[in-house]
Amino acid sequence: MASAGYTIAEKIISRHTNRIVRAGELCVVKVDGCMATDTTAPMAIKAFREMGGLKVFDPARFHLIIDHAAPAPNEKVANLHQMMRNFAKEQGCNLFDIGSGICHQVMVDHQKVKPGDLFIGADSHTPTYGALNTFACGVGSTDLAAVMLTGKIWLKVPQSIKVILNGKLSPYVSGKDLALLLCKKLTTGGATYMAVEYHGSAVASLTLSQRMALCNMSAELGAKTGIVSPEGLVLPYDYTPIFPDSNANYVQTIELDVCGLKPQLAAPDSPDNVYDVRKFEGTPVTYAFIGSCTNSRLDDLQTAAKILKGKHIATGVRLVVAPASRKVFLEALADGTIQTLIEAGATVINSGCGPCVGTHEGVPGDDEIVISTANRNFKGRMGNPRAKIFLASPATVALSALYGKITSPENESV
Amino acid sequence: MIIVAKAHVYGDNIDTDRIIPGKYTKTLDISQLAQHVMEDLDPEFLQKFSPGEILVAGKNFGCGSSREQAPLALKAAGVSCIIAKFFARIFFRNAINLGLPVLEAPEHDIQHGDRLSVDIENGIVKNLTTGKVYACTRLNGVMKHILAEGGLVNYLKKYGDFVTD
């Protein structure tokens, strides 16, 4: 074993501690950055104070984002937001207030996380940054408070699962469809405590946005992190890519030919309840949502706009769109995407988590069937346990909104 | 620490939305969280459950969001410890960080209403109803110390930093 090489996770963690580590070892690591949202920051700030914390370890490396219930839907939430604003002012750390966007998109837009970093976020979808060849891990509030205090976190170096996806993707089959396929293959919890490394020609062909969609749902697999091979990754700055050694140890290798893969969806009430969209074609929907940290970037909105251009969503359907960030929103305004969506009948809301997390801005009614580009369809996820949620790609959601029933984009002309 | 109490058994893949729905998480008031714990899974949970009793689940308990409000709500409702076949990793860390004991007993076949004796330090669960004994995954160094101090807040208050062996 001693001669074996290292996985990407082992390499990145080793660079953040004072020794070379292997899967299974416990270590305390220095973090390059950390963040919390309005769901997790108030408890983290409280715990930080209780720990005796006076100053965060490095204000430039700690970010607060108000995105989960933003703008505040009630006075209780408004006061928690005030607590975050006051803390940011006191500590001199970065505050991304309402409208800035979803935490993960904001961190990437503002280059607060870069390839090779070890980043900790108090949000379960923090593995999204693995798209940047980063080791990024989600934690809860008290863990985050400890990072705020010490700049460090204890970790068990995870074993890695190697996922190799080869083949040319069909039109309208995206990173989201690959993520759903993996939820089906590995099941929720199938990668618990592990790192998922993504490789293969299909992955190398994905844009950063699509890599983020793929890596985002590592969280649904239960993984500690997901990390995408940097092959084919184009960024607006120079970086040093980290590849695994060819003789690295993996606990499991999954190799799939995704050439000809059909659009996928997750049926209620679990992200691993995955089928070809075709199986559910014709199921009536009344509510479609394009948003969340999985799928609300510029290319996602452009895909929806392309399908809806010059047309109108079906009578009786609401289509809610929440662009991932202010940057994305502005780009989608500038190129006409937002106008196309609004003309097609969409309701465009502010950048943020929106209705994905069931707090506000579009809670479904009893017995409604929702089709959403988000990552979770647990019972009650969108705020009503009597609604049913299907998860799919932006193309599938847009087309389903157009016809008022679940529709596969596989026969659409590009 | 040994806990002797009745088991309340639930199934696999119980996610944090079912433990505490997102709409109730925006508060620092612990009693508010406790009022809504498990309500989408079992609306009668709070009537059935007495403080000090044990929550038992199947695979992947606490999957989903990173919300620490989930273990906090269970702790506030009086859950003395949680036994599952395995836990979602963030939930597991959060529970330890709050000083709520969590034990993984991969092979357990505990039934609702069984009386259990749980040895937290040694990771042994005895089913007093059936006489069976289940081996649990033992906590590692750092986690053991954090739990012994009653959570990560107390641990860092005491040590000021992570203490490595």
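Which chain is which? The protein sequence lines are A and B, in order. Heads up, the first sequence is in this note's numbering, so the first residue is 1 and it goes up one at a time. Heads up, the second sequence is in this note's numbering, so the first residue is 1001 and it goes up one at a time. Think of the CB as a built atom: it goes at the ideal place given N, C-alpha and C, for glycine as much as any other residue.
Name the one or two DSSP bridge partners that residue i has.
| i | result |
| --- | --- |
| Cys353(A) | Answer is none; Cys353(A) lacks a bridge partner. |
| Thr152(A) | Correcting the residue type first, residue 152(A) is Lys in the shown sequence and not Thr. Lys30(A), per the DSSP bridge assignment. |
| Thr1137(B) | Glu1104(B) |
| Leu265(A) | Tyr275(A), Ala392(A) |
| His81(A) | Its beta-bridge partners do not exist; DSSP assigns none. |
| Leu95(A) | Leu64(A) |
| Ile120(A) | Cys34(A), Cys137(A) |
| Ile1082(B) | Leu1055(B), Val1102(B) |
| Thr253(A) | Lys162(A) |
| Asp1015(B) | Cys1063(B) |
| Glu10(A) | None; Glu10(A) has no bridge partner. |
Measure the CB-CB distance between residue i and residue j and report whether it falls below 7 Å.
| i | j | result |
| --- | --- | --- |
| Arg297(A) | Val251(A) | no |
| Ala322(A) | Gly358(A) | no |
| Ile1054(B) | Leu1116(B) | yes |
| Leu169(A) | Ala202(A) | yes |
| Ala23(A) | Gln159(A) | yes |
| Arg268(A) | Val277(A) | A small fix is needed here, since residue 268(A) is Pro in this sequence, not Arg. Contact flag unset, no. |
| Leu1156(B) | Met51(A) | yes |
| Gly138(A) | Gly121(A) | yes |
| Val234(A) | Leu165(A) | no |
| Leu402(A) | Lys306(A) | no |
| Ala9(A) | Ala195(A) | yes |
| Met84(A) | Leu64(A) | yes |
| His360(A) | Ala69(A) | yes |
| Gly1062(B) | Phe1087(B) | yes |
| Ala1007(B) | Asp1114(B) | yes |
| Leu144(A) | Ala4(A) | no |
| Cys293(A) | His81(A) | no |
| Val106(A) | Phe96(A) | yes |
| Asp367(A) | Arg381(A) | no |
Between the options, which has its C-alpha nearest residue i's C-alpha?
| i | options | result |
| --- | --- | --- |
| Pro1021(B) | Ala401(A), Ile102(A), Asn411(A), Arg376(A) | Arg376(A) |
| Leu1128(B) | Val1102(B), Asp1109(B), Leu1156(B) | Asp1109(B) |
| Leu26(A) | Glu361(A), Lys156(A), Tyr239(A) | Lys156(A) |
| Asp123(A) | Phe243(A), Asp67(A), Arg318(A) | Asp67(A) |
| Gln1170(B) | Arg1138(B), Ala1084(B), Leu1074(B), Glu1044(B) | The structure shown does not extend to residue 1170(B), since chain B is modelled only from 1001 through 1165, so no value can be given for it. |
| Ala395(A) | Val370(A), Asp299(A), Gly380(A) | Asp299(A) |
| Ala304(A) | Ala398(A), Pro385(A), Lys162(A) | Ala398(A) |
| Leu1041(B) | Thr37(A), Met194(A), Lys379(A) | Lys379(A) |
| Ala344(A) | Lys309(A), Glu361(A), Val370(A), Glu331(A) | Lys309(A) |
| Gly1052(B) | Phe1045(B), Gly1078(B), Leu1072(B) | Gly1078(B) |
| Pro1101(B) | Asp1114(B), Gly1113(B), Glu1121(B) | Glu1121(B) |
| Ser14(A) | Gln82(A), Trp154(A), Leu132(A) | Trp154(A) |
| Leu391(A) | Ala288(A), Asn411(A), Asn79(A), Val163(A) | Ala288(A) |
| Phe1092(B) | Leu95(A), Thr142(A), Ala4(A), Arg318(A) | Thr142(A) |
| Lys1132(B) | Glu1149(B), Glu1107(B), Arg1138(B), Val1142(B) | Glu1107(B) |
| Ile161(A) | Ala314(A), Lys279(A), Thr7(A), Asn384(A) | Thr7(A) |
| Leu206(A) | Ile313(A), Arg19(A), Ala179(A) | Ala179(A) |
| Gly365(A) | Thr283(A), Asn384(A), Ile371(A), Cys356(A) | Asn384(A) |
| Glu255(A) | Ile342(A), Gly167(A), Gln339(A) | Gly167(A) |
| Leu132(A) | Leu301(A), Glu410(A), Thr240(A) | Thr240(A) |
| Pro409(A) | Leu261(A), Arg318(A), Ile342(A), Leu341(A) | Leu261(A) |
| Ser209(A) | Gln339(A), Gly362(A), Leu301(A) | Leu301(A) |
Give me, in chain order, the residues of the same chain whose beta-carbon lies closer than 6 Å to that of residue i; leave out the 5 immediate sequence neighbours on both sides.
| i | result |
| --- | --- |
| Ile1003(B) | Ser1080, Cys1081, Val1118 |
| Glu231(A) | Ala204 |
| Ala219(A) | Ser124, His125, Pro127 |
| Thr347(A) | Val320 |
| Ile369(A) | Val285, Lys388 |
| Ile290(A) | Ala304, Val321, Thr373, Pro394, Val397 |
| Lys1126(B) | Ser1117, Val1133 |
Apart from the five residues on each side of it in sequence, which residues of its chain come closer than 7 Å, Cβ to Cβ, to residue i?
| i | result |
| --- | --- |
| Gly151(A) | Lys30, Val31, Phe57, Asp58 |
| Asp1012(B) | Gly1058, Lys1059, Asn1060 |
| Gly316(A) | Thr286, Gly404 |
| Leu1072(B) | Ile1030, Leu1033, Leu1098 |
| Ala1095(B) | Pro1071, Ile1082, Val1102 |
| Gly130(A) | Ala136, Cys215, Ser218, Thr225, Gly226, Ile227, Val228 |
Excluding five sequence neighbours on each side, which residues of the same chain lie with their C-beta closer than 8 Å to the C-beta of residue i?
| i | result |
| --- | --- |
| Thr134(A) | Ile12, Val113, Lys114, Pro115, Gly116, Asp117, Leu118, Phe119, Ile227 |
| Thr188(A) | Glu220, Leu221, Gly222, Ser270, Pro271, Asp272 |
| Val414(A) | Pro171, Tyr172 |
Since I believe residue j is in contact with residue i (beta carbons under 8 Å), could you give me their beta-carbon distance rounded to a whole number of angstroms?
| i | j | result |
| --- | --- | --- |
| Leu221(A) | Gly200(A) | So it is not a contact: roughly 17 Å between Cβ atoms. |
| Thr373(A) | Lys184(A) | With 8 Å as the limit, Thr373(A) and Lys184(A) do not qualify as a contact, their Cβ atoms being about 17 Å apart. |
| Ser100(A) | Ser351(A) | 7 Å |
| Arg1089(B) | Tyr198(A) | The pair is not a contact, with the Cβ atoms about 19 Å apart (cut-off 8 Å). |
| Ile98(A) | Ser325(A) | That pair is no contact at about 12 Å. |
| Cys1136(B) | Ile1124(B) | 7 Å |
| Thr1016(B) | Thr39(A) | Contact doesn't hold; Cβ gap of about 11 Å is too wide. |
| Ala47(A) | Val1153(B) | 5 Å |
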